[in-house]
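Protein chains: 4
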Amino acid sequence: MDIRPPGSASGWRRTAYSVIFEADTPAGRTFDIAVLVAIVLSVVAVMLESVQSINLRYGTALRAIEWFFTGVFLLEYIARLVVVRRPLAYAFSLLGIIDFMAIVPTLATLIFAGSRYLLVIRTLRLLRVFRIFKLGRFMGEGEFIVTALKASRFKIMVFLTAVLTLVTVVGTLLYVVEGGNNGFTSIPKSIYWAVVTVTTVGYGDISPVTVLGQTLASILMILGYAIIAVPTGIVSAQMAGSRVSAPAFKQVVCHVCQATDHRPDAEYCWHCGEKL
Amino acid sequence: MDIRPPGSASGWRRTAYSVIFEADTPAGRTFDIAVLVAIVLSVVAVMLESVQSINLRYGTALRAIEWFFTGVFLLEYIARLVVVRRPLAYAFSLLGIIDFMAIVPTLATLIFAGSRYLLVIRTLRLLRVFRIFKLGRFMGEGEFIVTALKASRFKIMVFLTAVLTLVTVVGTLLYVVEGGNNGFTSIPKSIYWAVVTVTTVGYGDISPVTVLGQTLASILMILGYAIIAVPTGIVSAQMAGSRVSAPAFKQVVCHVCQATDHRPDAEYCWHCGEKL
Amino acid sequence: MDIRPPGSASGWRRTAYSVIFEADTPAGRTFDIAVLVAIVLSVVAVMLESVQSINLRYGTALRAIEWFFTGVFLLEYIARLVVVRRPLAYAFSLLGIIDFMAIVPTLATLIFAGSRYLLVIRTLRLLRVFRIFKLGRFMGEGEFIVTALKASRFKIMVFLTAVLTLVTVVGTLLYVVEGGNNGFTSIPKSIYWAVVTVTTVGYGDISPVTVLGQTLASILMILGYAIIAVPTGIVSAQMAGSRVSAPAFKQVVCHVCQATDHRPDAEYCWHCGEKL
Amino acid sequence: MDIRPPGSASGWRRTAYSVIFEADTPAGRTFDIAVLVAIVLSVVAVMLESVQSINLRYGTALRAIEWFFTGVFLLEYIARLVVVRRPLAYAFSLLGIIDFMAIVPTLATLIFAGSRYLLVIRTLRLLRVFRIFKLGRFMGEGEFIVTALKASRFKIMVFLTAVLTLVTVVGTLLYVVEGGNNGFTSIPKSIYWAVVTVTTVGYGDISPVTVLGQTLASILMILGYAIIAVPTGIVSAQMAGSRVSAPAFKQVVCHVCQATDHRPDAEYCWHCGEKL
Chain A
11 MDIRPPGSAS GWRRTAYSVI FEADTPAGRT FDIAVLVAIV LSVVAVMLES VQSINLRYGT
71 ALRAIEWFFT GVFLLEYIAR LVVVRRPLAY AFSLLGIIDF MAIVPTLATL IFAGSRYLLV
131 IRTLRLLRVF RIFKLGRFMG EGEFIVTALK ASRFKIMVFL TAVLTLVTVV GTLLYVVEGG
191 NNGFTSIPKS IYWAVVTVTT VGYGDISPVT VLGQTLASIL MILGYAIIAV PTGIVSAQMA
251 GSRVSAPAFK QVVCHVCQAT DHRPDAEYCW HCGEKL
Chain B
11 MDIRPPGSAS GWRRTAYSVI FEADTPAGRT FDIAVLVAIV LSVVAVMLES VQSINLRYGT
71 ALRAIEWFFT GVFLLEYIAR LVVVRRPLAY AFSLLGIIDF MAIVPTLATL IFAGSRYLLV
131 IRTLRLLRVF RIFKLGRFMG EGEFIVTALK ASRFKIMVFL TAVLTLVTVV GTLLYVVEGG
191 NNGFTSIPKS IYWAVVTVTT VGYGDISPVT VLGQTLASIL MILGYAIIAV PTGIVSAQMA
251 GSRVSAPAFK QVVCHVCQAT DHRPDAEYCW HCGEKL
Chain C
11 MDIRPPGSAS GWRRTAYSVI FEADTPAGRT FDIAVLVAIV LSVVAVMLES VQSINLRYGT
71 ALRAIEWFFT GVFLLEYIAR LVVVRRPLAY AFSLLGIIDF MAIVPTLATL IFAGSRYLLV
131 IRTLRLLRVF RIFKLGRFMG EGEFIVTALK ASRFKIMVFL TAVLTLVTVV GTLLYVVEGG
191 NNGFTSIPKS IYWAVVTVTT VGYGDISPVT VLGQTLASIL MILGYAIIAV PTGIVSAQMA
251 GSRVSAPAFK QVVCHVCQAT DHRPDAEYCW HCGEKL
Chain D
11 MDIRPPGSAS GWRRTAYSVI FEADTPAGRT FDIAVLVAIV LSVVAVMLES VQSINLRYGT
71 ALRAIEWFFT GVFLLEYIAR LVVVRRPLAY AFSLLGIIDF MAIVPTLATL IFAGSRYLLV
131 IRTLRLLRVF RIFKLGRFMG EGEFIVTALK ASRFKIMVFL TAVLTLVTVV GTLLYVVEGG
191 NNGFTSIPKS IYWAVVTVTT VGYGDISPVT VLGQTLASIL MILGYAIIAV PTGIVSAQMA
251 GSRVSAPAFK QVVCHVCQAT DHRPDAEYCW HCGEKL
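Just so you know, the protein sequences line up as chains A, B, C and D, in that order.
Under our numbering, the first residue of the first sequence carries the number 11, and numbering increases by one thereafter.
Under our numbering, the first residue of the second sequence carries the number 11, and numbering increases by one thereafter.
Under our numbering, the first residue of the third sequence carries the number 11, and numbering increases by one thereafter.
Under our numbering, the first residue of the fourth sequence carries the number 11, and numbering increases by one thereafter.
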């Protein structure tokens, strides 16, 4: 996001910016956590409202809560716009659009009722939960995972292409084998079945009945069972690699013999015995 | 637990303590195993009693066994209270509470019948099974697993947060897409479906029927299939790391400073610079 | 494939060859991508045609598209035959046969209608998608996966033999235990159930009902749950191994014999003994 | 097995022994493969016989095949007894008992018909398939897997104890929560459900219906999804460890400086430059 702090702005804007957008001051951290709690509560309210029996009894209260949080998020959105140096850049950034979309649906229900379904967008605000990982210890750990996944992304894409091809070929095959019966009513549906099978989910809403179909399905299952090893292997190897490389040795070169890779707590060179 | 051995207590209490609470004497080990067998047998009795057909035929015998074991556990509980130096500390420790709760339900049935369901608490006593791992070889192995999981706990929490967010967003989406039909009757139920799917359990009690729903479900499945690689990778890397560390060093002790863990090809001690 | 470039052929054939069969010129890359897009579109058309409701409305259009792509693939096939030095070698290579089979089914529908099902073969052309991985970055990554799998193939075969034996033994056992009822109507069907179970797919179309059957199934599930660790471990270890091997060596080339891959702390070339 | 070769036996017995029990001569290998083929064919015959429709048409032929193979196995069993130095030791070894049990059922059908179900034991002979891994390349690979699993057996036992305890506690909990309805009719059945869930098999024959039940089930699923990382991590780490240690370096010590861990193809010592 190209939203930089307001630089030489007036004092209160700078303070407000650090409270609203940053998380390294106590006030900023408190603000972030307050927003997170508000998001979780509003999402819980939306969820409960979708439950028939709860809606019948507490519907009015839940709708009041919805309007309350919409107000809170509206204020928060305005505050963000005011405080940021380049409001447009924020407004059109991904987080900015999600923040805006979280307000619209409730307002739109005034005009037409069906728009309430758009509240689903509000759950996207949950993505802000990951901001909490900027607080303290979690940061490094989250970054570790993201780095490992990023480093593996090409391998994972190759793997996914292989899986998608496999699923298309086997799905089409099963459509032909089962002859369009037993739930395999079309090729896309058969591919859906193949995905359900190769990922070992196995709902059982569609399952082969013919002998040939069950044989092919068995092969697909064992394949799926075996190839889960591939993404796991990729990520494990990546993580093991980055883990081992970094903290294993002291980043110091002996000034006498130039030996490296000393123990992290070494006081003398392992090669020539010189004091490090 | 802050239950220390009774220090300068009288001889018999000291002996009883080591028998009941410790496992490094033959008597202590025998006591531990006897308690474990009693727990397993009483849990099996509770299980069998819940089976209608068995209850009809052997109900009286099973209830007699239940009372017998309740008596045994009561005696054991009293013995623990008598023998320990600070009975209150034990009584309010986690294991102490579980030990107490294992006795109460059977007694409570005298007053009102429904309380028999509380016998479920007795299965918690099964946790004492892990005491057996204090015996011999298992200790190190169990500790190895626990250590690896502890070291990975922040990474696993980040991972779980990501999974929970994914499940909430996709669950809500499917609720909207399937329009409240086909089992997706509320957002919490749709999230339950998303958990069932992303973990590749796939009961099939709820499964999408619309084309868009099945497409989204397929994406979720492949995601779930791929991201299982993350926790596996984390734990594998952690375990591989701690495993490798052990034999990666020279099995030699410096004769001057007693330092160990030298590089496999070290010629001088990393700690004092002495020739190895 | 034993299809070599046409060597000292006339200029246009050489150019055409590099466009059609190779991917390292801009024209060649464009041709490859165009073919891929055509394959994906034709496969999508075949898929959509299999959907009853779409077929009723857009059937004529889809059949026109099918004929159009059949024409395109026919032209492509002829071009490949003309351009290659040894047409027969190409025609009887795996890719050549698949390319040919992708054209036949549509033509065959002129003679008898049922042959449309053969269009399933066209999905096999999707395998050409992997050609895209010859472009740029992906190549190495794809090769990394293939190499790791190849190196593990014997271990994976041993593993698969063990799984197949397990599945046969447990399947037969369940057939006997369930007495041919509850879906376990024959041994092959019971083995199918065992595959569904051990791979953790779990459709639920067949599931044990007797107490002994459910107990055996539980053991099989826990076994399946535990032994997934084996292929994963094999591939992880393989990948971690080949990954580690790369940076484990000194990035220095011997100035005498050009040998690389010296130990990180080597002082002399392992190949010619020269001081590094 | 304490079956030693017949030592100073007469020549033909020695030859017969090496043919029947060993696999390092061409004749021995041929015999082994012939036995394997006979086992697979007889198991296939048993399987096909269990299929109603096939049994009706080819029942007589299949029963003839069954008798033929029973005869073959009887001859093989007698040959083994004759050839081995200590027949009783073989007869009471595991493989000997399985070999014997593979013959009995067919003979027993002469007396009472139900005993045909005992043919399930014949599938156990499939275990002999693993003998094939003694041939050539597979041996080392199979041993690699077995060694890794053996080295991890204590960790896997700790893990399995944890899973069994979890499954017992959660199963009992769900029995209480669902109140004995929705398939959770007894504690053992609920534990069966918990196993089906935690292993991510998920048949769907039993699934929670109450809100609390579905919440607990979701937690169990995510736990099951996360803890699959544990056995995988154990085996991966074990395999990665043993892989790296063994074949990475040349097993040669420099006769000048005693340096070890040379590249597998090193000709000169990396430490002192001496010819190895």
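Note that CB positions come from ideal geometry on N, CA and C, so glycine has one too.
Remember, it's a predicted structure, so these values are computed and weren't measured experimentally.
A:S60 sits buried, since 16 or more C-beta atoms from the chains shown fall within 10 Å of its C-beta. For B:R90, the enclosing alpha helix (DSSP H) has its first and last residue at 62-93. Interface criterion not met: the Cβ of B:G193 is under 8 angstroms from no Cβ in chain A. The three-state secondary structure of B:Y213, taken from DSSP, is coil.
Contact annotation, C:I166 with A:A236: C-beta distance approximately 7 angstroms; criterion of less than 8 angstroms satisfied. Interface flag for D:M111 against chain C is unset, since no Cβ pair is found closer than 8 angstroms.
Proximity to B:M111 across B:S228, B:T80, B:L174, B:L233 peaks at B:T80, based on C-alpha coordinates. Chain A places a beta carbon closer than 8 angstroms to that of C:F154, counting this residue as a contact. Remark: C-beta atoms of C:I201 and C:T225 do not approach each other more closely than 8 angstroms. Within the region 212-235 of chain C, the residues whose Cβ lies closer than 7 angstroms to some Cβ of chain A are G212, Y213, G214, D215, listed in chain order. Taking a C-beta distance under 8 angstroms as the contact criterion, C:I49 and C:R138 qualify as a contact pair.
If you look at A:G181, you'll find it in the alpha helix (DSSP H) that goes 163-188.
Pairing D:G243 with B:M249 gives a Cβ-Cβ distance under 8 angstroms. Within the region 199-212 of chain D, Y202, V205, V206, T209, T210, V211, G212 place their CB atoms closer than 7 angstroms to a CB of chain C, listed in sequence order.
Per DSSP, C:A48 is one residue of the alpha helix (DSSP H) stretching across 36-59.
In chain order, P16, R23, A26, Y27, I30, F31 place their CB closer than 8 angstroms to the CB of B:V93, counting only its own chain and leaving out the 5 sequence neighbours on each side. In the displayed model, C:E153 falls within a helix according to three-state DSSP. Here DSSP, grouped into helix, strand and coil, assigns C:L120 to coil. For C:I216, same chain residues with a beta-carbon under 6 angstroms away, outside a window of 5 residues either side, are G193, W203 in chain order. Taking the C-beta atoms as reference points, A:T209 is found nearer than 8 angstroms to B:I232. D:T175 has a beta carbon lying within less than 8 angstroms of a beta carbon in chain B.
For C:G234 and C:V54, the gap between their C-alpha atoms comes out near 36 angstroms. Closer than 8 angstroms to the CB of C:K165 there is at least one CB belonging to chain D. With fewer than 16 other CB atoms across the displayed protein chains lying within 10 angstroms of its CB, D:K160 is exposed. When rounded, the separation of the alpha-carbon atoms in B:I113 and B:L136 is 14 angstroms. Counted as a single uninterrupted DSSP element, the alpha helix (DSSP H) harbouring C:R24 occupies residues 21-31. For B:R138, the secondary structure class from DSSP, reduced to helix, strand or coil, is helix. For D:P198, the enclosing alpha helix (DSSP H) stretches over residues 197-208.
Bounds of the alpha helix (DSSP H) holding C:F110 are 104-111.
Put simply, the backbone Cα of D:L230 is about 18 angstroms away from that of A:G212.
Boundaries of the alpha helix (DSSP H) harbouring D:V221: 221-237, taken from the DSSP string. Residue environment analysis places B:V47 among the exposed positions, since fewer than 16 neighbouring C-beta atoms fall within 10 angstroms of its C-beta.
In this structure, DSSP gives C:P218 a state outside helix and strand, which the three-state scheme calls coil. Taking 8 angstroms as the threshold, the shortest C-beta distance from D:I244 to chain C falls below it.
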